[in-house]
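**Student:**
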Amino acid sequence: MLQILVDAIVLGCSYALMAVGLNMVYGLLRIIHVAHAALYTLGAYVGLYCLYHFSSSLWLSLIFGAIFSALIGTLMYRIIYNPVLTAPRYVPLIAGAGVFIASQEIFRLLAGPYPYPFNASFKFLSLTHSHLRITETQMLIITFMIGAFLCLYLVINNTNLGMMWRACTQDMELAASSGINVNLIIAVNFMIGSALAGSAGVLMALYRNSVFPTMGAMVSYKAFVVVVLGGFGSIPGAAIAGILLAVAESLLGMVPLFNLPREAIAFLVMVLVLMFKPKGLFGR
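Residue numbers (the numbering used here): 968 to 1251.
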């Protein structure tokens, strides 16, 4: 049972890292960033390229995957979302979906449709006790998620940048009239969220030992469920809901009555939560 919980927590970390980027964008611009999943896959492929052409070190792959995803994510905002921010809400949604679908085909054309192994060398902590085993990869993913969310929390609540970000999420027009560089805040917002998505892609490629063009699709669905569960715009809610969803999937999957695919369980949990908490567990 403990081993199942550990495996679920690791999976939940990937959900949370993806969901926080979605929530940051929604909290600031009130749009659903469907193309966010493309950055997850992009980070994995950039990390894989580093392994094959530069070094077998995981740390280099993780850094380059995060940086490249951050740059492309910021560019994505400038080219795709910025021109349609004043349009009806379904327009950015359709634009993002188009980018995501196109990205899958681009990855397939450039790298082929088949999965590649992700064999990276690194040393990290591991834990073995009785029937419980936490591998180096699992420990790294859990530690990275905790560290990333702690840093993000400190930045948002204890820096001038975080103060400006919070002001923009409450009233962007008032923030702009107060002298805040709104375009800079939006760019940094996309950069941080995209870097987290790219990092999640690298870490889960390491965990699954596989990189393939559609790897971001299912994670994006789960991340959307996590955003709804945690509450739109709630970053702490995304972190907690990601873990809770993965644990619920694992535990309910063991019950014969709920012998359903994990995807079905995820949406079942979402529906049940929304029946009692329409704004999500941590929504206002």
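Ideal Cβ positions, reconstructed from N, Cα and C, are used throughout, including at glycine. Note that this is a predicted model, so its numbers are computed, not measured.
Note the first and the last residue of the continuous beta strand (DSSP E) segment covering Arg1100.
**Tutor:** It spans Leu1099 to Ile1101 - the beta strand (DSSP E) in which Arg1100 sits, taken as one unbroken run.
**Student:** When you compare only the Cα positions, how much space is there between Ala1069 and His1098?
**Tutor:** Roughly 45 Å between the two C-alpha positions.
**Student:** Give me whichever residues DSSP pairs with Leu1094 in a beta bridge.
**Tutor:** In DSSP, Leu1094 forms a bridge with Ile1101.
**Student:** Check the DSSP bridge columns for Val1178 and list the partner residues they point to.
**Tutor:** Answer is Tyr1083, bridged to Val1178.
**Student:** Are at least three pairs of beta-carbons, each pair with one atom in the segment 1107-1116 and one in the segment 1158-1178, less than 8 Å apart?
**Tutor:** At 8 Å Cβ cutoff, the stretches touch.
**Student:** Counting contacts by CB-CB distance shorter than 8 Å, is Leu1241 in contact with chain D?
**Tutor:** Of the chains in the structure shown, none is chain D; there is only one protein chain.
**Student:** I'd like to confirm the pairing. Which residues does DSSP put opposite Ser1088 in its beta bridges?
**Tutor:** Ser1088 pairs with Ser1024.
**Student:** Touching or not, the segment 1065-1082 and the segment 1023-1040, by the rule of three or more beta carbon pairs under 8 Å?
**Tutor:** Verdict: no, contact absent.
**Student:** Please state whether the Cβ-Cβ distance between Thr1104 and Tyr1174 is less than 8 Å.
**Tutor:** Yes; because the gap between Cβ atoms is below 8 Å, this pair is in contact.
**Student:** Work out the CA separation of Gly1247 and Leu1241 for me, nearest whole Å.
**Tutor:** Rounded to whole angstroms, Leu1241 to Gly1247 spans 6 Å at the Cα level.
**Student:** Using 8 Å for Cβ pairs, my map puts Ala986 next to Ser1217. What's the rounded Cβ distance?
**Tutor:** Incorrect: roughly 18 Å between the Cβ atoms, too far for contact.
**Student:** Quick one: Cα of Met1131 to Cα of Ile1061, how far?
**Tutor:** Distance between the alpha carbons of Met1131 and Ile1061: 29 Å.
**Student:** If we call anything under 8 Å between Cβ atoms a contact, is His1000 one with Gly1065?
**Tutor:** No, the Cβ-Cβ distance between His1000 and Gly1065 is not below 8 Å.
**Student:** Determine the direct distance from the alpha carbon of Val1178 to that of Ser1088, and round the result to whole angstroms.
**Tutor:** Near 16 Å, if we compare the C-alpha coordinates of Val1178 and Ser1088.
**Student:** Are the CB atoms of Ala1167 and Tyr1007 within a distance shorter than 8 Å?
**Tutor:** Yes, the pair counts as a contact, with Cβ atoms nearer than the cut-off.
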